[in-house]
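Asks:
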Amino acid sequence: MADLLSLPPEILHRICSCANLPTRKVLRLTNSLLSEIAEQWVFASLNVSPLLESCERLQNVLVNPRLAAHTTKIYLMTYDLDEDGDYMHYVDAEDEDYEPADEVDLPQRFWELFGRLRDFPRLQSVALIFHPEHSNNEWQDVPQELEAFRAPVTKKAFGAFASLPLPLKELVIRDLHNAYEEDPTVLDNINTVLTGLQSLRLNITNEHREYHRELDYRREEAHEYYQAIPSFWLKPTTATLQHLTLYSSVFCGFYPRLDFRGLHFPQLRGLALGNYGFVHDSQLDWILEHGETLAELYLDDCAILHEVSIKDIENTYLPSSQFTQKDGLLDNLYASYKARWADYFRAFETLPRLRHFRYGHCPDGWTFNSAPFEQETQIEIGLHEESYLVFCDGFGPSPYMSELIYRYPKADGDGMDYVHGTPVTPSDEDREALVRLCTKLGQSVPPPSEE
6 MADLLSLPPE
16 ILHRICSCAN
26 LPTRKVLRLT
36 NSLLSEIAEQ
46 WVFASLNVSP
56 LLESCERLQN
66 VLVNPRLAAH
76 TTKIYLMTYD
86 LDEDGDYMHY
96 VDAEDEDYEP
106 ADEVDLPQRF
116 WELFGRLRDF
126 PRLQSVALIF
136 HPEHSNNEWQ
146 DVPQELEAFR
156 APVTKKAFGA
166 FASLPLPLKE
176 LVIRDLHNAY
186 EEDPTVLDNI
196 NTVLTGLQSL
206 RLNITNEHRE
216 YHRELDYRRE
226 EAHEYYQAIP
236 SFWLKPTTAT
246 LQHLTLYSSV
256 FCGFYPRLDF
266 RGLHFPQLRG
276 LALGNYGFVH
286 DSQLDWILEH
296 GETLAELYLD
306 DCAILHEVSI
316 KDIENTYLPS
326 SQFTQKDGLL
336 DNLYASYKAR
346 WADYFRAFET
356 LPRLRHFRYG
366 HCPDGWTFNS
376 APFEQETQIE
386 IGLHEESYLV
396 FCDGFGPSPY
406 MSELIYRYPK
416 ADGDGMDYVH
426 GTPVTPSDED
436 REALVRLCTK
446 LGQSVPPPSE
456 E
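For what it's worth, my numbering labels the leading residue of the sequence shown as 6, then goes sequentially.
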């Protein structure tokens, strides 16, 4: 202990920053020096949910100005799960008089906390966390419906965020509903918050049907939303943004189209994409255009789409001129992409400031409705079975699959014959290029048998 206490305060702060919360709490109880340093890290990041106990803990911090002054980030969890992992309805969960907020089915105590955020003088980051399940359809009962819950919570939250004494530096939204906001007051507040951000993290959730996931990609709101992301969420941040993280619960990029062309972030240091499909060189070029600043690049469950077959070409990333007709695809049009991951990895080697790169799959967090949250540094590096995919419209459970399926009329005219195309799998050249890139950055790649 004496050796530990002899370290400079800067080193002790570094130790506390790397420790988990239970360890920080223990260090806070050791002696006066460590207590003072560890206390700052215990209260630097706070979590609050609608449960009575959680709200009371946050209130206890607020009544102590010294503790409140340590807080720089707050996670606003808009729901709790019961012991069975189901959505908790607070009227049944607590032995107390349930007082709901007038606007939404949340306890009044939690609703009022949005207005207390301004009492954290050093608050720089907020994370607004929704439940991953949602629906726009009255027939499907879900915990947090758009009009009854998500819209009023979003309005309340961004009203509070926009009125903070100091502008936020980081905004995090987990399981953001893919619905376009129309309320002019909310739009103004969102734009106020986005302008000047240094870090933006959006985990987007989409309405799912468990047994007909191919229908998820035909929903009009999904296409409208993803096509609006660059202008709505990203353009206001271009001058100041340093870190951008975009994860989606469905594959995007090609279809629904998520097109970053026309956007440039002159200070971008970190980029993380999850469930993003590459189908054109311009997507790679956009990343390379940030080479003067880009130091960290994370690609989680991202794929190269080497072939696509689709009818609705107007909502895809590719221009109509790139599609052709091909026998066996019926009314669908066809396009192919010749680039391979080896080409991408070699291109990333040319990024002069790149210091950390991870391509692969995050082992935790990918669920039916949701995506990994703040886990891109945990991506297991390596090519995987979905490194190459196709888009095959008209087939399920997802049109993103390993190979195209062709349909030919049977000779006797009775039905169709189905013929599978040729899949593309990661090559030795791909692996060698990934290893070379990671080795250059001082990172290791597990051998193929461990990927």
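Just so it is clear, CB atoms sit at the ideal spot from N, CA and C, and this is done for glycine as well.
On a predicted model such as this, the values are computed, not experimentally measured, just so you know.
1) Quick check on the DSSP output: the beta strand (DSSP E) that includes Pro-414 runs from which residue to which?
2) Looking at the secondary structure, which residues open and close the alpha helix (DSSP H) in which Asn-194 lies?
3) Under 8 angstroms between the Cβ atoms of Tyr-342 and Lys-331?
4) Would DSSP call Pro-157 helix, strand or coil?
5) For Trp-417 versus Arg-345, is the C-beta spacing smaller than 8 angstroms?
6) Determine the DSSP secondary structure at Glu-381, reduced to helix, strand or coil.
7) On the criterion of 16 or more Cβ atoms from any shown chain inside 10 Å, does Arg-155 qualify as buried, or is it exposed?
8) What's the gap between the Cα of His-425 and the Cα of Pro-189?
9) Taking the DSSP output, what are the residues bridged to Gly-90?
10) CB Leu-67 to CB Asp-124, shorter than 8 angstroms?
11) Touch check for the segment 352-360 and the segment 290-307: three-plus C-beta pairs under 8 angstroms?
12) Residue range of the beta strand (DSSP E) that Arg-363 falls in?
13) Going by other Cβ atoms of all chains shown within 10 Å of its Cβ, with 16 needed for buried, is Lys-445 buried or exposed?
14) Is it true that the CB of Ala-376 sits closer than 8 angstroms to the CB of Asn-280?
15) State the Cα-Cα distance for the pair Thr-372 and Ser-392, rounded to the nearest angstrom.
16) Go ahead and pull the three-state DSSP assignment for Trp-144.
17) For Glu-456, does the three-state DSSP call read helix, strand or coil?
18) Return the chain-ordered list of same chain residues with a C-beta closer than 8 angstroms to the C-beta of Leu-442, the five sequence neighbours on each side being excluded.
19) If you drop the 5 nearest sequence neighbours on each side, which residues of the same chain put their C-beta closer than 6 angstroms to that of Ala-167?
20) For Pro-70, tell me which candidate among Lys-78, Trp-116, Thr-35 and Arg-127 has the shortest Cα-Cα distance.
21) With Arg-179 as the anchor, note down where its beta strand (DSSP E) starts and where it stops.
22) Reducing DSSP to helix, strand and coil, say where Val-440 ends up.
23) Please classify Pro-451 as buried or exposed, where buried requires at least 16 other C-beta atoms within 10 Å of its C-beta.
24) Are there 16 or more other CB atoms within 10 angstroms of the CB of Arg-29, so buried, or fewer, so exposed?
25) Quick check: Leu-202 and Thr-242, are their CB atoms within less than 8 angstroms of each other?
26) Hey, quick one: how far does the beta strand (DSSP E) through Arg-309 stretch, first residue to last?
27) In chain order, what residues of the same chain have a beta carbon less than 8 angstroms from the beta carbon of Leu-122, not counting five sequence neighbours either side?
28) Could you pull the start and end residues of the beta strand (DSSP E) that His-228 belongs to?
29) What residues in its chain sit with their C-beta under 7 angstroms from that of Tyr-92, if we drop five residues either side in the sequence?
30) Is it a yes or a no for the segment 385-401 touching the segment 305-321, going by three-plus beta-carbon pairs under 8 angstroms?
31) I'd like the list of long-range same chain contacts for Asp-264, defined as Cβ closer than 7 angstroms, with 5 residues on each side in sequence excluded.
32) Rounding to the nearest angstrom, what Cα-Cα distance links Val-2 and Pro-172 in this structure?
Replies: In short, the structure shows the following:
1) First-last of the beta strand (DSSP E) with Pro-414: 410-414.
2) In the DSSP annotation of this structure, the continuous segment of the alpha helix (DSSP H) that includes Asn-194 starts and ends at 189-199.
3) Remark: C-beta atoms of Tyr-342 and Lys-331 do not approach each other more closely than 8 angstroms.
4) Here Pro-157 carries a helix assignment [DSSP, helix/strand/coil].
5) First, the amino acid is wrong: residue 417 is Asp here, not Trp. No.
6) Helix at Glu-381.
7) Counting the other Cβ atoms within 10 Å of the Cβ of Arg-155 gives 16 or more, which makes it buried.
8) Roughly 50 angstroms separates the two Cα atoms.
9) Beta-bridge partners of Gly-90 (DSSP): none assigned.
10) The answer is yes: Cβ separation under 8 angstroms.
11) The segment 352-360 makes contact with the segment 290-307: 3 or more CB pairs, one atom from each, lie closer than 8 angstroms.
12) Unbroken beta strand (DSSP E) run through Arg-363: 361-366.
13) Classification of Lys-445: exposed, given that the 10 Å Cβ count is below 16.
14) Yes, they are a contact pair.
15) Computed Cα separation, rounded: 18 angstroms.
16) Any reading at Trp-144 needs caution, since the residue's pLDDT is 43, under 50, leaving its predicted position unreliable; the model's value is listed next. Trp-144: coil per DSSP, three-state reduction.
17) Note that Glu-456 has pLDDT 44, beneath the 50 cutoff, so the model's placement of it is unreliable and no number is given.
18) Residues of the same chain with a CB within less than 8 angstroms of the CB of Leu-442, apart from the 5 flanking positions on each side, are Phe-350, Arg-351, Phe-353, Glu-354 and Phe-362 in chain order.
19) Around Ala-167: Asn-194, Thr-197 and Val-198.
20) That would be Arg-127, whose Cα lies nearest to the Cα of Pro-70.
21) From DSSP, the beta strand (DSSP E) with Arg-179 extends over 175-182.
22) Of the three classes helix, strand and coil, the one that applies to Val-440 here is helix, per DSSP.
23) Classification for Pro-451: exposed.
24) Under this definition Arg-29 is a buried residue.
25) The answer is yes: Cβ separation under 8 angstroms.
26) Just to set this straight, residue 309 is Ile in the shown sequence, not Arg. It spans 308-315 - the beta strand (DSSP E) in which Ile-309 sits, taken as one unbroken run.
27) Correct list, in chain order: Ile-79, Leu-128, Val-131, Ala-165, Phe-166 and Leu-169.
28) The continuous stretches of beta strand (DSSP E) do not include His-228, which lies in the alpha helix (DSSP H) extending over residues 225-234.
29) Hits under 7 angstroms: Tyr-84, Leu-86, His-136 and Pro-148.
30) Flag = yes, the segment 385-401 and the segment 305-321 touch.
31) Excluding its 5 nearest sequence neighbours in each direction, Asp-264 has C-beta neighbours in its own chain below 7 angstroms: Pro-235 and Tyr-322, listed in chain order.
32) This structure leaves residue 2 out entirely; the chain is present only between 6 and 456.
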